[in-house]
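Participant:
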Amino acid sequence: MHALIALLAALLAACAAAAPKVASRSPRAWSDDILYFVLVDRFADGDTTNDANVDRKAKGAFHGGDLKGLIANLDEISSLGVTAIWVNPLVKNIEGHVDGAGFPDWAYHGYWADDFTRLDPRFGTEEDLRKLVDACHARGIKVLLDVVYNHAGYDSRYLRDPKTRHWLRSSIVGDCGDDDLTSCLAGLPDFKTELPEVAKFLLDAQIGWAKRSGIDGFRLDTVKHVDHPFWQEHRKRARAELGPDFFLLGEVWGGDADVLDPWFEPDELDAGFDFSFQGSVLGFVQGRGRTVAFNRYLEKRQKVRRGHLLAHFLSSHDVTGALYQLKGDLELFRLAAALQFTTSGIPVVYYGEEVARLGGEWPENRSDMPWGARNLLPGAGLPRDDDLRRD
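Written out as structure tokens, the structure is:
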């Protein structure tokens, strides 16, 4: 309980072996965890020798954060009461930038893969990843690695190579569909995961990273854009090769207890993100006459399928930050955070929320961790028992 109080107090006051390490995983239930999401590039630079194309003044460029920087700050993260860390995809991403956003936009976030068999040297090495996992486990912290199966990066090697070009739908070929499974999301080449050779390659690559690093689970990107048979095979292989306790947290855009059920019912996921929490809680704390609506939301949320969890956030890399939406009102943010931490499921803290990083609309919601901002406001924690947020 003291660790939980420490993290909530911070939020309220400021706003390795090559084999899978199944035996070392924490017996702590995920419903008792606090998940801290880090965009590695925007967190801390622990190794300046891998700073390629770094420009901290450019909002779409690499800013130099890496795994060594994250490792160096684990004690501070641990002191908040964090019990699990989610890091963005770490595989080798495309070189160069795209211009569709109105400014040069690079793959600093990790979601535009060029090679699923290598780590991006700008984030670190495979040894760095193992050291991160070992260091987290030594502190009782679980590690979730973000993985992408739906798409590759713009003009990735898989699209350029004649041997793998048929694995993808692309705007170049002109075979992108118009539904969730066959569309080329944001113009990205879409993997044909329904093809056995494609599914096997992707599963071998990502499960291989889990085996070698000893991570505790995956955060699965763009789940609804990949077919159910793939996710069923994914679950089967994860259990067989990584252990029955390997955790699968899926992102189904717009997900809530009802929307996620098609992935919960066949047990393809252990948990999913509750996208309706942010809007519901921010509307409530701003007094928009939504007390009844918020109560209905909470009642609906409790109907999540037994054995599965909802993960709820106030801010993320894909949505406008909560404190920004609250116009910087830290009192309202305190209340929203209190509601987050007393709601069942997995509360997700986005890096910097504990020090009132304002965030903003994209891309400002991916701003650098403000390391000089500490103890901005006086305040005591909100004493409560752990059982208040258990299912």
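Basically our numbering = 1-based index in the sequence shown + 8.
The C-beta atom is built at its ideal place from N, Cα and C for all residues, glycine as well.
1. In angstroms, rounded to a whole number, what distance separates the CA positions of Ile149 and His105?
2. Taking just the CA atoms, how far does Asp326 sit from Pro400?
3. Give me the Cα-Cα distance between Gly110 and Asp74, rounded to the nearest whole angstrom.
4. Suppose the cutoff is 6 Å on Cβ atoms and the five residues either side in sequence are ignored; what does the same chain contact list for Arg33 look like?
5. If the criterion is Cβ atoms closer than 9 Å, does the pair Asp183 and Arg177 meet it?
6. For Leu250 versus Ala218, is the C-beta spacing smaller than 9 Å?
7. Looking at the strands, I want to know which residues DSSP matches up with Gly258.
8. To test your reading of the DSSP string, which unbroken beta strand (DSSP E) runs of 3 or more residues are found completely within the segment 306-391?
9. Just grab the DSSP bridge partners of Tyr116 for me.
10. Between which two residues does the alpha helix (DSSP H) holding Tyr166 run?
11. If you run the structure through DSSP and keep just helix, strand and coil, what is Asp186?
12. In this structure, does DSSP put Asp123 in helix, strand or coil?
13. Could you give the C-beta distance for Ala80 and Gly54, rounded to a whole number, given that I count them as a contact under 8 Å?
14. Please work out which residues of its chain come closer than 6 Å, Cβ to Cβ, to Arg365, disregarding the five sequence neighbours upstream and downstream, and give them in chain order.
15. Out of Arg173, Ser221, Ala213 and Gly216, which has the shortest C-alpha to C-alpha gap to Asp142?
16. Under 9 Å between the Cβ atoms of Trp94 and Arg227?
17. Beta carbon of Asp98, beta carbon of Val48: below 9 Å?
18. Count the other CB atoms within 10 Å of the CB of Ser324; is the residue buried (16 or more) or exposed (fewer)?
19. Answer with buried or exposed for Asp136, where buried requires no fewer than 16 other C-beta atoms within 10 angstroms of its C-beta.
20. Helix, strand or coil for Ile215, going by three-state DSSP, please let me know.
21. If you draw a straight line from the alpha carbon of Gln294 to that of Leu167, how long is it in whole angstroms?
22. Decide if the segment 267-281 is in contact with the segment 314-323; the criterion is three or more beta carbon pairs, one per stretch, under 8 Å apart.
23. Leaving out the 5 sequence neighbours to the left and right, which residues in its chain are closer than 6 Å to Lys311 when beta-carbon positions are compared?
24. Can you tell me where the beta strand (DSSP E) holding Asp154 begins and where it ends?
25. Report yes if the C-beta distance between Asp122 and Arg173 is below 9 Å; otherwise report no.
26. Which residues in the same chain have their Cβ closer than 8 Å to the Cβ of Gly291, if we skip the five residues on either side of it in sequence?
27. Do you know how far the Cα of Leu152 is from the Cα of Glu307?
28. Are Pro274 and Trp239 close, meaning C-beta to C-beta below 9 Å?
29. For a quick check, are the C-beta atoms of Gly72 and Ala115 less than 9 Å apart?
30. Does Ala207 pass the burial test, meaning 16 or more other C-beta atoms within 10 Å, or should it be called exposed?
31. Which one or two residues does DSSP pair with His159 in a beta bridge?
32. For Ala92, which of helix, strand or coil comes out of DSSP?
33. Could you give the C-beta distance for Val234 and Val260, rounded to a whole number, given that I count them as a contact under 8 Å?
34. Buried or exposed: which applies to Gly315, given that a residue is buried once 16 or more other Cβ atoms fall within 10 Å of its Cβ?
35. Would you report the Cα separation of Asn101 and Tyr358, rounded to the nearest angstrom?
Facilitator: Result, derived from the coordinates:
1. If you number the sequence shown from 1, residue 149 lands on position 141. If you number the sequence shown from 1, residue 105 lands on position 97. Computed Cα separation, rounded: 34 Å.
2. Lying before the first or after the last residue shown, residue 400 is absent from the chain, which here runs from 9 to 399.
3. Position 102 of the sequence shown holds residue 110. Position 66 of the sequence shown holds residue 74. Going from the Cα of Gly110 to the Cα of Asp74 covers about 26 Å.
4. Taking the first residue of the sequence shown as 1, we reach residue 33 at position 25. Annotation for Arg33: Asp224 and Asp253 place their beta carbon closer than 6 Å to its own, counting only its chain and skipping 5 residues before and after.
5. Reading the sequence shown from its first residue, position 175 is the one you call residue 183. Reading the sequence shown from its first residue, position 169 is the one you call residue 177. Yes, Cβ-Cβ distance for Asp183 and Arg177 is below 9 Å.
6. Looking up residue 250 in the sequence shown gives position 242. Looking up residue 218 in the sequence shown gives position 210. Contact: yes.
7. As a first step, residue 258 is located in the sequence shown; it is residue number 250 there, counting from the start. Gly258 is bridged by DSSP to Leu228 and Gly280.
8. You should have 317-321 and 354-358.
9. One-based indexing of the sequence shown puts residue 116 at position 108. Beta-bridge analysis with DSSP links Tyr116 to no other residue.
10. As a position in the sequence shown, residue 166 is number 158, starting the count at 1. Per DSSP, Tyr166 belongs to the alpha helix (DSSP H) from Arg165 to Arg168.
11. Along the sequence shown, read from residue 1 onward, the residue named residue 186 stands at position 178. Correct three-state label for Asp186: coil.
12. Looking up residue 123 in the sequence shown gives position 115. Three-state DSSP puts Asp123 in a strand.
13. Here residue 80 refers to the residue found at position 72 when the sequence shown is read from its first residue. Here residue 54 refers to the residue found at position 46 when the sequence shown is read from its first residue. Right, the Cβ-Cβ distance comes to about 5 Å (below 8 Å), so this counts as a contact.
14. Here the question's residue 365 lines up with position 357 in the sequence shown. If we look at Arg365 and ignore the five residues flanking it on each side, its Cβ neighbours are Pro378.
15. Mapped onto the sequence shown, residue 142 falls at position 134. The residue among Arg173, Ser221, Ala213 and Gly216 with its C-alpha nearest the C-alpha of Asp142 is Ser221.
16. Position 86 of the sequence shown, counted from the first residue, corresponds to residue 94. Position 219 of the sequence shown, counted from the first residue, corresponds to residue 227. The Cβ-Cβ distance between Trp94 and Arg227 falls below 9 Å.
17. Looking up residue 98 in the sequence shown gives position 90. Looking up residue 48 in the sequence shown gives position 40. Per the sequence presented here, residue 98 reads as Leu, with Asp not at that position. Judged by their CB atoms, Leu98 and Val48 are nearer to each other than the 9 Å cut-off.
18. Position 316 of the sequence shown, counting from 1, holds the residue named residue 324. Looking at its Cβ environment, which holds 16 or more other Cβ atoms inside 10 Å, Ser324 is buried.
19. As a first step, residue 136 must be located in the sequence shown, where it is residue number 128. With a 10 Å radius around the Cβ and a threshold of 16 neighbouring Cβ atoms, Asp136 comes out buried.
20. The residue labelled residue 215 in the question sits at position 207 within the sequence shown. In the structure shown, Ile215 sits in a helix (DSSP, three-state: H, G or I).
21. Position 286 of the sequence shown holds residue 294. Position 159 of the sequence shown holds residue 167. About 47 Å.
22. The answer is yes - the segment 314-323 touches the segment 267-281, with three or more Cβ pairs under 8 Å.
23. Looking up residue 311 in the sequence shown gives position 303. Hits under 6 Å: Ala265.
24. For the purposes of this step, residue 154 is taken as the residue at position 146 of the sequence shown. For Asp154, the uninterrupted beta strand (DSSP E) run begins and ends at Lys150 to Val155, by DSSP.
25. As a first step, residue 122 is located in the sequence shown; it is residue number 114 there, counting from the start. As a first step, residue 173 is located in the sequence shown; it is residue number 165 there, counting from the start. Taking 9 Å as the Cβ cut-off, Asp122 and Arg173 do not qualify as a contacting pair.
26. Within the sequence shown, residue 291 is the residue found at index 283, counting from 1. Taking Gly291 as the centre and dropping the five residues before and after it, the same chain places the C-beta of Arg298, Ala301 and Phe302 closer than 8 Å to its C-beta, in chain order.
27. The count along the sequence shown starts at 1 and reaches residue 307 at position 299. The count along the sequence shown starts at 1 and reaches residue 152 at position 144. In this structure, the CA atom of Glu307 is about 29 Å from the CA atom of Leu152.
28. Working through the sequence shown from its first residue, we reach residue 274 at position 266. Working through the sequence shown from its first residue, we reach residue 239 at position 231. With contacts defined as CB atoms closer than 9 Å, Pro274 and Trp239 qualify as a contacting pair.
29. Numbered from 1 along the sequence shown, position 64 holds the residue referred to as residue 72. Numbered from 1 along the sequence shown, position 107 holds the residue referred to as residue 115. Taking 9 Å as the Cβ cut-off, Gly72 and Ala115 do not qualify as a contacting pair.
30. For the purposes of this step, residue 207 is identified with residue 199 of the sequence shown, where counting begins at 1. Ala207 is buried by the Cβ-count criterion.
31. As a working mapping, residue 159 is identified with position 151 in the sequence shown. His159 is bridged by DSSP to Asp198.
32. For the purposes of this step, residue 92 is identified with residue 84 of the sequence shown, where counting begins at 1. In the three-state reduction of the DSSP assignment, Ala92 falls in the strand class.
33. Taking the sequence shown and counting its residues from 1, the one referred to as residue 234 is at position 226. Taking the sequence shown and counting its residues from 1, the one referred to as residue 260 is at position 252. Contact doesn't hold; Cβ gap of about 10 Å is too wide.
34. Walking along the sequence shown from the start, residue 315 turns up at place 307. Residue environment: Gly315 is assigned as exposed (fewer than 16 neighbouring CB atoms within 10 Å of its CB, all protein chains considered).
35. The residue given as residue 101 occupies position 93 in the sequence shown. The residue given as residue 358 occupies position 350 in the sequence shown. Straight-line spacing of the CA atoms in Asn101 and Tyr358 works out to 23 Å.
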